[in-house]
Every structure is written in C-alpha cells, then in structure tokens.
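Counted the way mature numbering (1 follows the signal peptide of the UniProt record, and there is no 0) counts, the sequence shown spans residues -22 to -1, 1 to 347. Notes follow the structure.
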Amino acid sequence: MYLPQFVLAGLLLVAGVQQAVAVPAPTTDDITTAASASCAGKDVLVRKEWRSLPKPERLDYINAVKCLMKKPSKNGEVYAGAKSRYDDFLALHIVETDLIHFNGPFLAWHRWFLHLFEQELRNTCGYKGAQPYWDFSKDNTINGFSKSPLFDVTHGLGGNGPYVADVSDPITFPVTTPTIIPNRTGGGCLDNGPFSGLVVNMGLGLSTDYTPHCLRRDFSPVLVSQALSNSNLKAALDAKNYFDFSIKIQGTSFEVSGLTLHAGMHLGIGGQVGDAADMYSSPGDPLFWFIHGALDKIWDQWQRANWSVRKSEIAGPDTNFAYPFNFFGDVPYKNITLDFPLQYPYFGKNLTVRDVMDTKNAALCYTYA
Ligand SMILES: *[C@@H]1O[C@H](CO)[C@@H](O)[C@H](O)[C@H]1NC(C)=O
Ligand SMILES: *[C@@H]1O[C@H](CO)[C@@H](O)[C@H](O)[C@H]1NC(C)=O
Ligand SMILES: *[C@@H]1O[C@H](CO)[C@@H](O)[C@H](O)[C@H]1NC(C)=O
Ligand SMILES: *[C@@H]1O[C@H](CO)[C@@H](O)[C@H](O)[C@H]1NC(C)=O
Ligand SMILES: [Cu+2]
C-alpha cells in the first residue's frame, strides 16, 4: 500500500522541500532568552493530560472541535474534499504526509501542526484552553485500554466501533492497514460518544478528493499492551541522542514486533480499517490530536532532561522510509539539520526545524503539565 508512494514522495521533494525558506530563524540563544521571559510576555498555554482536566473543560474542548467541523473551509478551492475548517487541517496532513513520516522532520513538523490546530480552536471557536494530551501509560493494558477516560462517551471522544469480523470486502474497506492487526475488536462506524456518526470527508489514503465515509475505530488492546508498553516508553525517554530517540518513537518495522509508540497509538486505535490507522488521513479521527500530543509531550520531556544539548539536537533522514526507517529497503537520503524546511501550504509561513525546537519560544509558547 505504501510502496508506490515513494515515487511521489521523491517528486514532491524535488518540487517543494529543497526550495530555501525565507523565514528568518531566531538563533537558539534568542529562543532560550524568549523562553525565560515567559514567551516574550505572552501567556504560556499549559497542555494538560485529558483526565486531569475538569469535566467542564473536557466538554469545552470537545465542543470547540465540533465547532471547527462546522466552520467553512478556507482551502476548499484547493482541496475538493475540504468542506469545513477542520477539513483544511486534514487536507494539509494528507498532502504533506510523504514528507513528514518515518523520517527526521516527523516530530518537528507535527509540533507546529498541533500548534496551528490549537490556535485555530482558540481563534475561530473561542476555546480558552490548550490542546490536551494523552498519557497512554495510564491505559496500556489489555483490560484497561478501552476504559480510558479519553474514550468516555460523555466526557471523552467516544470509544471503539462495533466489531466487524470480516473486513475483506474491498468496496466497504478500500484501504486497510498493511500490518495484520492482532486481536482487533472493532471496525464498524463509530456509534457512541460526541463524534458518533461522524462523516469524514477525505481519505483513507493519499487523496484530497471528496470521499465522505463514516469514522471507523478498530481498537486492538493486545497491540496496545505490546507497542505502548512501559518498557517501550522508557526506551524512548532513556535514548542518549535524537537519532536513537526518533527510532524508539517511530519504530523499526511494520511487523507487530517493530511497532512502538507512534504506530502503537495509531494502530491500537485505528486497527485494520479505522481512520486513525491511515498514515495520510488519520486526522479525520479527532483522537489524532491526542496521539500526536502524546508524542510531542514525550519529545519535550526528553529534551528537557538534558536541555542544553537537546534544545538543538535533531537527526534522521530527509526522505520518508530512508535509513534507519528503511522498512522496505534502502532509499537515497541525506540527514537533516536544524535548517531543514517545514512547509504548511495555505497555513501561513513556512518554518525550519530550528523554529520548533523549544515549546516555550515566542512563536509556540506552551508547556506540558
Ligand atoms: C512554503 O514552501 C513551499 C514549498 O517550497 C512554497 O511552495 C510556498 O510558497 C511557501 N509558502 C510561503 C508562505 O512562503
Ligand atoms: C489474541 O489472538 C491470539 C491468536 O488468535 C489468541 O491466541 C490470543 O488468545 C488472543 N489474545 C487475547 C487477549 O484475546
Ligand atoms: C547531557 O548530554 C551530554 C552529551 O551527551 C552529556 O555529556 C551530559 O552528561 C548529559 N547531561 C545530563 C544531565 O545527562
Ligand atoms: C545519518 O546519520 C546516521 C546517524 O548518525 C548515520 O549512521 C548515517 O551514516 C548518516 N547518513 C548519512 C548519509 O550521512
Ligand atoms: Cu502525521
């Protein structure tokens, strides 16, 4: 499923990424100074774990996301499937996917993507809070996973889809996860919680065409208990350098045994046929923001454990599925630096990795509680 995308990824790289970006980047020292001055005088947003938010604030967040799904798209003329402002974010992720996964820019690109989404909730939908995150280590057991407060039907984003044993029909399930998901438990259209019956306007897969379909979830608590284990989390936090950290986050293969934190969350929720498992259109499931919030929080935690070194440490290939993520064989690549460009077409300015190294810089200005 992913293999043919290599060709396209190469084309996109030639066409887009190598163009120099004109945004003047503050030096690392500037960023550090700004951080100590409380993001240059701005309020620091505090991102909290879902279950530590008071219940009314959980509802505020849910309502803000639903609000964004009702606001008109600004990029609908560019992306046929973008019908709402929420969809603009989904489309951005779809078109950028082959530049930002299983490579070096992965965490950096998603850090700004989440920041844009958080700002949109606040500016467009009057949300007063920060993007919450998910501490999956509180839910990483076979029996506990589905009971997570994150999946609560009233004060959460809803749970699993109904179990569908046979997902082999290519009309109903035109795109499935390449990994065979062990012990899948769902697969049906989400029928509970605040997003019950949600229609996702694009995906699955690499297309921004209008393809409305029901949001599916397909939990695998067994996969979660393995890929999101405490030992996998500890291995990431204990990594001695960014190169190793990034492997511990992104995994070593698409075999179940090679899945770690990133894939463990996407595939533990999305399973064989759910939106959250799709590399391109996973933001169609609003749990996406919690999956990537969890990773961003872990990156921040890892950075601050040795800030003087890690505030400016980045590594990994510029090309997706290149070494050390060469799951399908060797792919030509270069290792990235802090100057590597991050692009957000139709979402304001382009950045470099350097611009997002510190969550407490003047542009990002958030922290994790
Ligand atoms: C961002 O970068 C892309 C690719 O290089 C380019 O097409 C686009 O015009 C840039 N956007 C801005 C606002 O500079
Ligand atoms: C998971 O699936 C395997 C293979 O079908 C089975 O042996 C095992 O009992 C299942 N585990 C659980 C917890 O359901
Ligand atoms: C921070 O990293 C550097 C370089 O790897 C290392 O020499 C130093 O001991 C580390 N400091 C802490 C507090 O771990
Ligand atoms: C990229 O960085 C890794 C880790 O330091 C290194 O093993 C690899 O040889 C580098 N690749 C290239 C093409 O420089
Ligand atoms: Cu992504």
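For every residue, glycine included, the Cβ atom is placed at its ideal position computed from N, Cα and C. Bear in mind the structure is a predicted one, so any value in this text is a computation, not a measurement.
*Does the segment 100 to 112 come close enough to the segment 40 to 48 that 3 or more CB-CB pairs lie under 8 Å?*
The answer is yes - the segment 100 to 112 touches the segment 40 to 48, with three or more Cβ pairs under 8 Å.
*Under the rule that 16 or more other beta-carbon atoms within 10 Å means buried, what is G164, buried or exposed?*
Looking at its Cβ environment, which holds 16 or more other Cβ atoms inside 10 Å, G164 is buried.
*Distance, Cα to Cα, F221 vs A293?*
In a straight line, the C-alpha of F221 is about 5 Å away from that of A293.
*Among K327, I40, E233, G229, the one whose alpha carbon lies nearest that of Y301*: Of K327, I40, E233, G229, the residue nearest in Cα terms is G229.
*Might you give, ordered along the chain, the residues of its own chain that have their beta carbon closer than 8 Å to the beta carbon of P2, omitting 5 neighbours on each side?*
Interpretation of P2 is limited by its pLDDT of 43, a score under 50 that renders its predicted location unreliable; the figure taken from the coordinates is listed afterwards. Here the set comprises nothing.
*Terminal residues of the continuous alpha helix (DSSP H) containing L193?*
Per DSSP, L193 belongs to no alpha helix (DSSP H) and is neither H nor E.
*Contacting residues, own chain, Cβ-Cβ under 8 Å from Y111 (five flanking each side not counted)*: Same-chain partners within the cutoff: R25, K26, E27, W28, F268, G271, A272, D274, K275, Y346.
*Measuring CA to CA, which of V331, L329, Q321, D278 is closest to K338?*
The option with the nearest alpha carbon to K338 is D278.
*Would you kindly check if the distance between the Cβ of D216 and the Cβ of Q250 is under 7 Å?*
Not closer than 7 Å, so no.
*Give a yes or no on contact between the segment 246 to 263 and the segment 61 to 79, applying the rule of three or more CB pairs nearer than 8 Å.*
Remark: three or more beta-carbon pairs, one from each stretch, lie closer than 8 Å, so the segment 246 to 263 and the segment 61 to 79 are flagged as touching.
*May I have a chain-ordered list of the alpha helix (DSSP H) segments no shorter than 4 residues that lie completely inside the segment 199 to 244?*
Listed in chain order, the complete alpha helix (DSSP H) runs (minimum 4 residues) inside the segment 199 to 244 are 199 to 205, 208 to 215, 220 to 228.
*When DSSP labels each residue in this structure, what does N313 get in the three-state scheme?*
DSSP places N313 within a strand segment (E or B) once states are collapsed to three.
_Local Cβ density within 10 Å of P34, reported as buried at 16 or more and exposed below that_ = Per the 10 Å Cβ criterion, exposed.
*Segment contact flag, the segment 281 to 293 with the segment 179 to 194, C-beta cutoff 8 Å, min 3 pairs*: In the pairwise beta carbon analysis, the segment 281 to 293 is classified as not touching the segment 179 to 194: fewer than three pairs are separated by under 8 Å.
*E74 by DSSP, collapsed to three states: which one?*
It is helical.
*For R36, the first and last residue of its enclosing alpha helix (DSSP H)*: Here the alpha helix (DSSP H) through R36 covers 33 to 48.
*Beta carbon of N161: closer than 6 Å to some heavy atom of ligand 2?*
Distances between the C-beta of N161 and the heavy atoms of ligand 2 include at least one below 6 Å.
_For ligand 2, is there any heavy atom lying closer than 6 Å to the beta carbon of V153?_
Using a cutoff of 6 Å, the CB of V153 does not count as near ligand 2, since none of the ligand's heavy atoms is closer than that.
*Which residue from P199, S209, A69, M243 puts its Cα closest to that of S185?*
Checked all of P199, S209, A69, M243; the closest Cα to S185 is A69.
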